[in-house]
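Visitor: I'd like to ask some things about the structure below.
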Amino acid sequence: MVPASLQAQRVKSTPFSYLPERADDRYNQRVTSKALALSTGGFVILAHKSATEYAVERYDADLKRLWSTTLPLAAGESVDAFARSANQATVVLHSAGAAQQLSAYTFELTNGQKSPAKKLIEAGPRERRLAASFSPDGTKLVAWRYLTRDEQIRAISATVYDEKLQKLKDRTYDFHDQGGFFSTTVQVGNDGSQFVTLVSDGMKKLTARRYRNDSPEVKVMSVSVGGTFGGKEVNVFDSRFALQPDNTLYAAAICNERETGLYYSLKLVKFDFSAEGDMKFAPEVKFTSDYLAEVNKATGATAKRVEDVYLTDLLLTDEKQVVVIGEKKYEEGGDESPGHTRELHLFGYNEFQTPTWHRIIAKDQVAPAAEGFSSISYRAALFGPEVQVVTWEKIKNKSDLYIRRVNAQNGTVQEPKGLGLNVASDQNPSYVKDFTTWLDPKTIIGVSRPSKKSAALMLNKIVIK
């Protein structure tokens, strides 16, 4: 059961330095987690120190900085990805200019020693942006470029690397059979297998392809989640694929009516690439008028339809229960309007992938236009059967980090509890979310600025009782 109440105490603080970033795409933050917990204790941080310099820093569990290694940025360079394994941290940089390039540096966790830059992949300046992703354990990396014709994706050219950035495999994923309208991305497993995921067939079908490094065989699984239902054409509006350490792949999709844009249902699929090759399609969750009434009751709103909800998390418990989280995100008006993130929509499935509960968690977060949605939203972590959700909000006139506990088995939600940081309501608050992480179920690391009058940031360790 979720406990009735909890107590949070800040047990340690230390000064912290960070310069707000200005991304070229304020709606899609490339590195959302800049503090990563380590299995051996403590955590590693990626901090923006100046316009031309980052630093990778390791701290122990008592906030003692063990080392700090600078990472200079040349003109046209930006950070594209940040990950850690048991032995090192890795930063991927994107370079724009006469050509695009992705390069990577590794940092030894023992002493912070930085490797020379390793070029991963390159492309022309007018091609689609290069991309990269890490395996769940951080030991594999795949970098890719999109090969297009008449602005349509025809193939992806990818290279897989190991932890030390040694090349394991070059691959080309061909999409000439896909027609003109689909979206795709690449994920890599802990064993180096690649999983190419597609939303295709006019945005009606979810497909997963597995490519292994030791075999030419390509394993493909597909399922239609859209189509014509009751005379209404239904498409995938938003989707999220989550690769697990055992190479099981889960996909969630919000489907809507093509003509009206009305949300139709949430669908969940499990792609199991083990020897059995099983695929399981969960019963859909309909966005009915009753569901809308629940949203309005939870939020106090009078919305006429469910809208602006995007999939943000897909969590899997040790007992194989699934929690899918969506968040409402929107702007009030034009490009210079503030960004809003409001209620969270949580959907719980049992180990047989049967929908068993759903909950609406009301919240109200606003960010200045320049920050888009990058400074707000939430952090979620799963410990056993419990999901912990941390938000930065102003509740009862108190600006703070707040934690809610959710029981993944039955959906019981605890009332929000402040962590006692008294976070200043300022204009550049992205550090609040970006540096929030868990060392264990009862220890949270967070960065705050205690008051508007103080320019200094503090790195805090909070213990939950």
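Per this note's numbering, residue 83 is the first one in the sequence shown, and the count goes up by one each step. Just so it is clear, CB atoms sit at the ideal spot from N, CA and C, and this is done for glycine as well. These numbers come from a predicted model, not from an experiment.
1) Under 6 angstroms Cβ to Cβ from F216, same chain only, skipping five residues before and after it: list those, please.
2) To the nearest angstrom, how far is it from the Cα of L145 to the Cα of V471?
3) Among D142, A214, P437, which residue has its Cα nearest to the Cα of V367?
4) With respect to the alpha helix (DSSP H) encompassing T221, which residues constitute its N-terminal and C-terminal limits?
5) In this structure, does DSSP put N378 in helix, strand or coil?
6) DSSP puts Q183 in a beta bridge; with which residues?
7) What's the C-alpha gap between V351 and F311?
8) Are there three or more Cβ pairs, one per stretch, closer than 8 angstroms when the region 336-351 is compared with the region 307-326?
9) Cβ atoms of F355 and F277: under 9 angstroms apart, would you say?
10) I'd like the span of the beta strand (DSSP E) that includes K411, first residue to last.
11) Expressed to the nearest angstrom, what Euclidean distance is found between the alpha-carbon atoms of E341 and R322?
12) Skipping 5 residues on each side, what residues in its chain have a beta carbon closer than 6 angstroms to that of R92?
13) Quick one: complete beta strand (DSSP E) runs, 3+ long, within the region 128-158?
14) What is the DSSP secondary structure of E315, counted as helix, strand or coil?
15) Look at the alpha carbon of S132 and the alpha carbon of Y100, and state the distance between them as a whole number of angstroms.
16) Which residues does DSSP pair with H258 in a beta bridge?
17) Rounded C-beta distance between V505 and D482? I'm assuming under 8 angstroms.
18) State yes or no: is the C-beta of I235 within less than 9 angstroms of the C-beta of R210?
19) Quick check: what's the CA-CA separation for T114 versus E339?
20) Going by alpha carbons, who is nearest to D522 out of G430, S530, E475, L464?
21) Sorted by chain position, which residues of the same chain lie with C-beta nearer than 6 angstroms to V529's C-beta, five sequence neighbours on each side aside?
22) Check the Cβ-Cβ distances between S95 and every residue of chain C, and say whether any is below 9 angstroms.
23) Of all the options P102, L397, I485, which has the alpha carbon lying nearest to the alpha carbon of P327?
24) Give me the Cα-Cα distance between R424 and N295, rounded to the nearest whole angstrom.
Guide: Based on what the coordinates show:
1) A165, L223
2) 23 angstroms
3) P437
4) It is not in any alpha helix (DSSP H) - T221 carries neither H nor E in the DSSP assignment.
5) helix
6) S177, E204
7) 19 angstroms
8) yes
9) yes
10) 404-413
11) 23 angstroms
12) G502, N542, I544
13) 135-141, 147-154
14) strand
15) 8 angstroms
16) Beta-bridge pairing links H258 to no other residue.
17) 6 angstroms
18) yes
19) 31 angstroms
20) L464
21) F98, Y513, F517, L539, L541
22) Going by chain labels, chain C is absent from the structure shown, which holds only one protein chain.
23) L397
24) 43 angstroms
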